[in-house]
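One structure is given here, and the rest of the page talks about it.
Residue numbers (our numbering): 20 to 263.
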């Protein structure tokens, strides 16, 4: 990976390039919480190379993708006709446009997460829903790596997110992480009601590919914990809000 691509990956994250069980599980969650909105106007805010845009299209809605990185937006546009190259804080579309918005592991990378959330609510129709996945501070690993002595070190770094915020943010200045109260503050004063506020574990497809049955057993145990108070150690927040 070149230095330029490493910096892009650090600052903007790596989108989904391959569709696996983990992506399918999240798609099923999106479709379930969307209800009839899945056939309306849908925006993926931060669509990367367009994997979720492509997999949402068969449900019959009119799918739009917004992506800040030009190269990724161009790649997404080769398979989907309605891709915009723009920032999530400044959606170039009218208010009240969408029935459903997906923000999948994106707000942690934007310049202003509060502005990005406000824009999502602005462009939702009344009764429209935003589905948001983003990193949970309770997860024992910082999955985006760290920045140390002028260099990025990628991979899962243990216990970084458990450090005091000022230390954690010095080690990972390129990405945010959220507690439940952090999430709540993003929506303060906005005209929404909360449909879902929970934490989920990952699908651990890489572990399964390497260790087979043991990986599937581990995934089953961890996803079972989503039904218990131990979900606080999950990988990602899964929030669904509805515009009033």
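No residue lacks a Cβ here, since even glycine has one placed at the ideal position from N, Cα and C. Predicted model, so just to flag it, every value in this text is computed and none were measured.
A contact between stretches requires three or more CB pairs, one per stretch, nearer than 8 Å, and the region 244-263 fails this requirement with the region 226-236. The bridge partners DSSP lists for residue 122 are 151. For residue 81, no alpha helix (DSSP H) encloses it; the enclosing beta strand (DSSP E) starts and ends at 81-86.
Taking the C-beta atoms as reference points, residue 117 is found nearer than 8 Å to residue 142.
One Cα belongs to residue 89, the other to residue 66, and the distance between them is close to 11 Å. If you compare the alpha carbons of 130, 223 and 125 with that of residue 257, the shortest gap goes to 125.
Residue pairing for residue 262: DSSP places it in a beta bridge opposite 211.
Distance from the CA of residue 137 to the CA of residue 42, rounded to the nearest whole angstrom, comes to 26 Å. Counting only runs of at least 4 residues, the region 183-229 fully encloses the following alpha helix (DSSP H) elements, listed from N- to C-terminal order: 184-190 and 199-205. Looking at the DSSP output, residue 170 sits in a beta bridge with 167.
Look at residue 104 here: in three-state DSSP terms it is strand.
In the three-state reduction of the DSSP assignment, residue 239 falls in the helix class, which pools H, G and I. Distances from the alpha-carbon of residue 82 to those of 261, 171 and 100 put 100 closest. The beta-bridge partner set that DSSP reports for residue 248 is empty. Taking the Cα positions, residue 222 is about 21 Å away from residue 198. For residue 251, the CB contacts under 7 Å within the same chain, skipping 5 residues up- and downstream, are 157 and 218 in chain order.
The C-beta separation of residue 95 from residue 68 comes to about 5 Å, placing the pair in contact by the 8 Å criterion.
Straight across, the Cα-Cα distance linking residue 49 with residue 185 is about 34 Å.
Between the region 106-114 and the region 68-77 there are fewer than three C-beta pairs closer than 8 Å, too few to call the two in contact. When the five nearest sequence neighbours on each side are left out, the beta carbons in the same chain lying within less than 6 Å of the beta carbon of residue 78 are those of 57, in order along the chain. Residue 133 holds the alpha-carbon nearest to the alpha-carbon of residue 201 among 133, 211 and 114. Restricting attention to 187, 171 and 170, the CA atom closest to the CA of residue 178 is found in 187.
Taking C-alpha positions only, residue 44 is separated from residue 203 by approximately 25 Å.
Of the residues 86, 243, 262 and 261, the one whose Cα lies closest to the Cα of residue 253 is 243. Of the other Cβ atoms in all chains shown, fewer than 16 fall within 10 Å of the Cβ of residue 37; this residue is therefore exposed. Around the beta-carbon of residue 97, fewer than 16 other beta-carbon atoms lie within 10 Å, marking it exposed.
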